[in-house]
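Chemist: Dropping a structure here in structure tokens format, bear with me for questions.
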Amino acid sequence: MVTSKRINWFRFSSSQAFYPLTGKMIPWFAATAILAMTTGLYIGFFVAPTDFQQGEAYRIIFVHVPAAWMSMFLYLVMAGWAALGLGLNARPSFMMAQAVAPTGAMFTFLALLTGSMWGKPTWGTWWVWDARLTSELILLFLYAGVMLLHASIEDTRRADRASATFALVGVVNIPIIYFSVRWWNTLHQGASVSMTAAPKMAATMLMAMLLMTIGFWMYSAAVTLLRMRCLMLDREQNPTKKHTLVMQEAMETH
Amino acid sequence: MQWGSLSEFLAMGGYGFYVWTSFGATAFCMVWEIISVRRRHAVAIARDGDRSPVKSPAW
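Here's what the structure looks like:
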């Protein structure tokens, strides 16, 4: 059933090409994720030395920092797709934004949880309302808002637009999280790795952390694309058939 | 390697609870997410058929 008068050929063609493409990409992302995480965990637990200040508790860094990075990175990816969707009025872009959101929310939750697991032994408290922790908690609420807003509006097109607009407004929180340790005096430590200065940690520690980050990144790509496949199947109810139907109609009229 | 035995490894210098809760929760969330999305995909395929021309594994 074609509801709009103008047939969106872009949608058919892109979805038709994109669905099998995701099927080819997912195994590669998954394999890279497994490989990176396995080596990352090995180096993190068996090669990286004990931290002279924090003892073995510091090893939480190998999940905490990658999860926190992914929570921010995935929000930017989601907002990017949302912006593209609003700009081009492209349904696949809105769908990508929705496909990213749950994974981003999961990493935000994990960043908060592993952070509190680190905070208790090193600071003596599970939680403190400092700028870094509070802005990361707000990030979790933003992800929840993006998903709940979409779920609460029945008309998919309106849900897409409302949710995407909300996601875009929430982008202001990302620089706040990133620079919070610099702008405010926080209990949370400053950046161990920054884009401008040499890392303040042992090479093996850094290696494990970067491998885990690559692993989480590739994991996110794989699981997001699989969710995108679900969304394509759910929303378009087999566009291959629909496409064939449109083609038949077009041929019959000539 | 700095671990003399398995129990020493599990103890994590007295921080075992915090370290293993962190890694355990992360692993649990990831595995749970994979299972739930794969299940959702299987349901959608059972309903619509896999329209992928390439024979991909049942991701």
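The listed protein sequences derive, respectively, from chains E and Z.
Add 805 to the 1-based position in the first sequence for the working numbering, that's all there is to it.
Add 47 to the 1-based position in the second sequence for the working numbering, that's all there is to it.
Every residue, glycine too, gets a C-beta built ideally from N, C-alpha and C.
1. In angstroms with no decimal places, state the Cα-to-Cα distance between E:Leu1036 and Z:Met48.
2. Can you pull the chain Z neighbours of E:Ile865, defined as C-beta to C-beta under 7 Å?
3. Could you spell out where the alpha helix (DSSP H) holding E:Asn978 opens and where it closes?
4. In the segment 914-925 of chain E, which residues sit with their C-beta less than 8 Å from some C-beta in chain Z, listed in chain order?
5. Which residues share a DSSP beta bridge with E:Asp856?
6. Using beta carbons (cut-off 9 Å, strictly below), is E:Phe850 in contact with chain Z?
7. Report the rounded CA-to-CA distance for E:Met901 versus E:Tyr880, giving the unit in angstroms.
8. Is it the case that the segment 840-858 of chain E contacts the segment 1005-1019 of chain E, given that we only count it when at least three CB pairs across the two stretches are under 8 Å?
9. Determine, using beta carbons only, whether Z:Gly51 comes closer than 9 Å to chain E.
10. Could you give the first and the last residue of the continuous alpha helix (DSSP H) run that contains E:Ser1025?
11. Using a Cβ-Cβ distance under 9 Å, would E:Trp928 count as near chain Z?
12. Could you check what DSSP says for E:Asp965 in three-state terms: helix, strand or coil?
13. Closest to E:Lys925 by CA distance: which of E:Ala996, E:Leu992 and E:Gly849 is it?
14. Helix, strand or coil for E:Tyr948 per DSSP?
15. Taking C-beta pairs closer than 7 Å, name the residues in chain E that Z:Ile82 reaches, listed in chain order.
16. Using a cut-off of 8 Å between C-beta atoms, extract the partners of E:Gly975 located in chain Z.
17. Can you pull the chain Z residues whose beta carbon is under 8 Å from the beta carbon of E:His869, in chain order?
18. Could you name the residues of chain Z that E:Thr961 contacts, counting a contact when the two beta carbons are closer than 7 Å?
19. Thinking C-beta only, is E:Ala872 closer than 9 Å to E:Phe912?
20. Is E:Val951 close to chain Z, meaning its C-beta is less than 9 Å from at least one C-beta of that chain?
21. Rounded to the nearest angstrom, what separates E:Arg1040 and Z:Phe75 at their Cα positions?
22. According to a CB-to-CB cut-off of less than 7 Å, which residues of the segment 1020-1043 of chain E neighbour chain Z?
23. Quick one: Cα of E:Thr930 to Cα of E:Leu945, how far?
24. Chain Z partners of E:Glu941, CB-CB under 7 Å?
25. The alpha helix (DSSP H) that contains Z:Trp81, what's its start and end?
Modeler: Reading it off the structure:
1. 46 Å
2. Tyr65, Val66 and Ser69
3. Asn978 to Trp988
4. Phe914, Leu915, Leu918, Thr919, Met922, Trp923 and Lys925
5. E:Gly860
6. yes
7. 12 Å
8. yes
9. no
10. Ala1008 to Glu1041
11. no
12. helix
13. E:Leu992
14. helix
15. None at all; the shortest Cβ gap to chain E is about 11 Å.
16. Ordered by position in chain Z, no residue passes the 8 Å Cβ test against E:Gly975, which lies about 22 Å from the chain.
17. Ser69
18. Near E:Thr961 there are no residues of chain Z at all, since even the closest Cβ is about 16 Å away, more than 7 Å.
19. yes
20. no
21. 29 Å
22. Tyr1024, Val1028, Leu1031, Arg1032, Arg1034, Cys1035, Leu1038, Asp1039, Gln1042 and Asn1043
23. 20 Å
24. Going along chain Z, no residue has its Cβ under 7 Å from E:Glu941, so there is no contact; the nearest lies around 15 Å.
25. The residue asked about is misnamed: residue 81 of chain Z is Ile in this sequence, not Trp. First-last of the alpha helix (DSSP H) with Z:Ile81: Gly63 to Asp95.
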